[in-house]
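*Asks:* Quick one: this structure, given as structure tokens, is what I'll be asking you about.
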Amino acid sequence: MIEKLISVPFFQLIRHKSVQNFIFLLIIQSSNILISLIVMPLLIQSIGVDQFGLVSLALSVILIANVFIGFGYNLSGPREVALNQKDKNSLSEILSTVISSKLVLAVLAAVSLLVAVKGFGLFPEYQVILLYSLLMLFSEATLPVWFFQGMEKMKLVSAANVFSKLLYLTGIVLFIQGPDDAKWVNFFFGGSAVLINLLLLAYVHFQFRIALVFSNWRSIISSLKDNIYLFLSAFANHIAVNGGIVVLSFFASAEMLGMYSLAERVSLVLRIVPALIAQAIYPNAAKLYESDIQGFYRFMKKVYASTLILCGLMVGIISLLAPFIIRLLAKEPLPESVLYLRILVFVPMIASLNAGNTVLLLIADKKYLLFNASWIMLLAMLVSAVTATTLFGTVGLCTAMVMSELFVFLLTFWIILKKCPELIRGFYGKSRNGQ
């Protein structure tokens with residue numbers, strides 16, 4: 029009976045490593061969102077709205093610093109690991125170099141923030157909270173998700189992430205009792221993550237027999253140089269994706285900002301889906317590109333079509349349910365937020381269109397082309413967002429965010445067509461002879 033079930037296409041599908049990667053990555057993201065939703069009212073009740081706002085501000089600063097610490101290794105790391113899955117010496121070198129490089133970047137970021145706080149008196153309202161949040165920099169540095177992603181063994185790391193978040197939630201419930209405890213919120217977040225990350229690295233060392241040592245400075249500097257384009261691309265993309273509300277803050281009231289932010293958050297959650305699919309298929313796609321180029325294109329076409337269908341269904345469902353979703357989140361009907369959401373919901377749809385182009389550039393190791401596309405996208409987003417918001421208000425901004433995504437899809441397609449036409453022909457062209 030079990031053998032018959034396994035022979036069914038659905039069960040064969042979920043046994044595919046790329047599908048399992050997606051499921052476990054989805055579990056990680058879902059648990060992060062769920063814990064955030066649980067923790068938010070607990071914190072507001074215990075430390076108050078004012079201190080919660082300061083904790084959130086400190087977290088925003090740390091998240092920006094974490095983009096620097098990540099330095100694009102979440103993009104390059106899985107590819108390198110996937111291509112060397114059976115070579116323990118190469119895996120040891122990759123793991124050691126990436127962790128060492130990220131630790132160096134974490135120290136630099138921590139020292140910079142210490143100087144900013146103690147030397148220049150920046151962030152005056154939440155200096156203490158920010159200093160206690162520095163541990164989160166080292167949780168980012170020691171995070172080994174990229175390694176397990178490349179090894180296509182995501183089950184353990186997804187379970188570990190859930191356990192880390194439960195530790196954090198336990199700390200909040202047991203130890204955060206009043207406004208004076210606000211400084212411990214991000215500290216518990218970082219501390220629980222560092223603890224679990226170290227246990228995961230120990231597991232890698234003993235289970236996979238992979239040595240983890242601090243790399244020499246030459247290897248670290250060489251690694252950082254190789255990743256500079258990916259880091260700058262990630263930085264530009266972070267600003268382009270999250271910069272809409274910053275632009276709007278110069279033109280709109282706090283009430284309008286709140287209504288836009290509500291719709292934007294739903295859109296950003298949906299945007300995670302094509303990103304997770306790209307991350308899930310990345311290791312297998314990298315191996316196919318090196319060993320079976322036609323198999324790579326067949327695989328990419330199937331995934332691309334499935335992604336577009338899935339995201340298209342999401343757009344339709346969210347558009348229909350927009351009034352209910354906004355009422356559920358805001359506890360009141362907000363027609364403006366409903367309108368904004370029905371426009372912004374097209375952002376993840378168009379982002380899924382460009383996911384194929386992005387994977388092509390990453391797999392082919394065309395980092396400089398991705399860098400060019402990312403920074404042109406950022407410039408286009410800023411110009412269109414400021415212009416549209418000035419002329420048409422918040423609706424103009426929402427439309428500009430959608431058009432920016434469409435622009436970057438067309439731009440990336442054109443860049444690949446000009447520089448790597450064989451990738452466009454293989455991916456978008458018609459299959460021949462069963463290819």
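Going left to right, the sequence shown walks through residues 29 to 463 as my numbering numbers them. Using N, Cα and C, we set each Cβ at its ideal position, and we do this for glycine too.
1) May I ask you to verify whether the segment 209–220 touches the segment 163–171, counting CB pairs closer than 8 Å and requiring at least 3?
2) Around the Cβ of Ser365, are there at least 16 other Cβ atoms within 10 angstroms (buried) or fewer (exposed)?
3) Out of Ser402, Ser118 and Ser295, which one is the CA nearest neighbour of Leu369?
4) Please go through the same chain and pick out, in chain order, the residues whose beta-carbon is closer than 7 Å to the beta-carbon of Arg237, but skip the five residues on each side of it.
5) What are the start and end residues of the alpha helix (DSSP H) that includes Met377?
6) Candidates Lys181, Ile97, Val156 and Pro69: which alpha carbon is nearest Ile51's?
7) Thr427: which of Val297, Tyr288 and Ile346 sits nearest, CA to CA?
8) Where does Cys448 fall in DSSP's three states?
9) Say whether the segment 190–199 touches the segment 104–121, bearing in mind that this needs 3 or more beta-carbon pairs closer than 8 Å, one atom from each stretch.
10) Report, in whole angstroms, the separation of the C-beta atoms of Thr335 and Pro302, which I expect to be a contact under 8 Å.
11) Taking the alpha helix (DSSP H) that Ala188 falls in, what are its first and last residues?
12) Roughly how many angstroms separate the alpha carbons of Gly340 and Pro172, rounded to a whole number?
13) On a CA-only basis, which of Arg355, Phe259 and Ile321 is nearest Leu398? Give me that one, please.
14) Suppose you measure from the CA of Glu450 to the CA of Phe176; what does that come to, to the nearest Å?
15) Quick one: Cα of Ile127 to Cα of Leu223, how far?
16) Nearest-angstrom Cα distance between Leu445 and Gly454?
17) When burial is assigned at 16 or more other CB atoms within 10 Å of the CB, is Ala230 buried or exposed?
18) What residues in its chain sit with their C-beta under 6 Å from that of Tyr56, if we drop five residues either side in the sequence?
19) Would you kindly work out how many angstroms separate the C-alpha atoms of Pro207 and Gly98, rounded to a whole number?
20) Could you give the distance in angstroms between the alpha-carbon of Val47 and the alpha-carbon of Met431?
21) Just reading off the alpha helix (DSSP H) that Thr125 is part of, what are its end residues?
22) Which of the three DSSP states, helix, strand or coil, is assigned to Ala280?
23) What residue range does the alpha helix (DSSP H) around Ile224 cover?
24) Give every residue of the same chain whose Cβ lies closer than 7 Å to the Cβ of Phe96, excluding the five residues on either side of it in the sequence, and list them in chain order.
25) Just mark Leu33 as buried or exposed, buried being the case when its beta carbon has 16 or more other beta carbons within 10 Å.
26) Pull up the distance between the alpha-carbon of Ala358 and that of Pro311, whole angstroms please.
27) Excluding sequence positions up to five away, which residues of its chain have a Cβ less than 6 Å from the Cβ of Ile452?
28) Let me check understanding here. Comparing Cα to Cα, which of Phe279, Glu318 and Val414 lies closest to Leu388?
29) Helix, strand or coil for Gln113 per DSSP?
30) Between the Cα of Trp403 and the Cα atoms of Ser251, Val269 and Ile273, which residue gives the shortest distance?
31) Would you check if the segment 272–284 and the segment 413–422 touch, i.e. whether three or more CB-CB distances between them fall below 8 Å?
32) Are Phe151 and Leu159 close, meaning C-beta to C-beta below 7 Å?
33) Quick check on the burial criterion: 16 or more other C-beta atoms within 10 angstroms. Buried or exposed for Lys394?
34) When you compare only the Cα positions, how much space is there between Val143 and Ser84?
35) Cα separation between Trp442 and Tyr396?
36) Output needed for Gly218: all residues of its chain with C-beta closer than 6 Å, excluding positions within five of it in sequence on either side, in chain order.
*Replies:* To lay it out plainly:
1) The segment 209–220 vs the segment 163–171: in contact.
2) It counts as buried.
3) Ser295 is the residue among Ser402, Ser118 and Ser295 whose C-alpha sits nearest the C-alpha of Leu369.
4) Within the same chain, Arg237 has close Cβ partners Lys116.
5) Phe374 to Ile391 is the extent of the alpha helix (DSSP H) around Met377.
6) It is Lys181 whose Cα lies nearest to the Cα of Ile51.
7) Closest by alpha carbon: Tyr288.
8) The answer is coil: DSSP assigns Cys448 none of H, G, I, E or B.
9) Below 8 Å, too few C-beta pairs join the segment 190–199 and the segment 104–121 to call them touching: fewer than three.
10) Between Pro302 and Thr335 the Cβ distance is about 6 Å, and since that is below 8 Å, they are a contact.
11) From DSSP, the alpha helix (DSSP H) with Ala188 extends over Lys183 to Phe203.
12) Gly340 and Pro172 have their C-alpha atoms spaced approximately 32 Å apart.
13) Closest by alpha carbon: Phe259.
14) If you draw a straight line from the Cα of Glu450 to the Cα of Phe176, it is about 31 Å long.
15) Looking at the two C-alpha atoms, the distance is approximately 15 Å.
16) Computed Cα separation, rounded: 11 Å.
17) So Ala230 counts as exposed.
18) At residue 56 the sequence reads Ile, which differs from the Tyr that was named. Sequence-distant Cβ neighbours of Ile56 in its own chain, meaning closer than 6 Å and more than five residues away, are Ser186 and Asn189.
19) Roughly 32 Å separates the two Cα atoms.
20) About 31 Å.
21) For Thr125, the uninterrupted alpha helix (DSSP H) segment begins and ends at Lys116 to Leu142.
22) Per DSSP, reduced to three states, the secondary structure at Ala280 is coil, with no helix or strand assignment.
23) Residues Lys211 to Gln235.
24) Cβ neighbours of Phe96 beyond the five flanking positions: Leu133 and Ala137.
25) For Leu33, the predicted model reports a pLDDT of 38, less than 50, meaning its position is unreliable; a value from the coordinates is still stated below. With fewer than 16 other Cβ atoms within 10 Å, it is exposed.
26) In this structure, the alpha-carbon of Ala358 lies about 40 Å from that of Pro311.
27) Here the set comprises Ile444 and Leu445.
28) Of the candidates Phe279, Glu318 and Val414, the one whose C-alpha sits nearest the C-alpha of Leu388 is Glu318.
29) Here Gln113 sits in coil by DSSP.
30) Measuring C-alpha to C-alpha distances from Trp403 to each of Ser251, Val269 and Ile273 identifies Val269 as the nearest.
31) Yes, the segment 413–422 touches the segment 272–284.
32) With respect to Leu159, Phe151 sits apart: the two C-beta atoms are not nearer than 7 Å.
33) Counting C-beta atoms within 10 angstroms of its own C-beta, Lys394 has 16 or more neighbours from the protein chains shown and is therefore classed as buried.
34) The C-alpha of Val143 lies about 21 Å from the C-alpha of Ser84.
35) Rounded to whole angstroms, the separation of the alpha carbons of Tyr396 and Trp442 is 15 Å.
36) Contacts found: Leu163, Met164 and Ser167.
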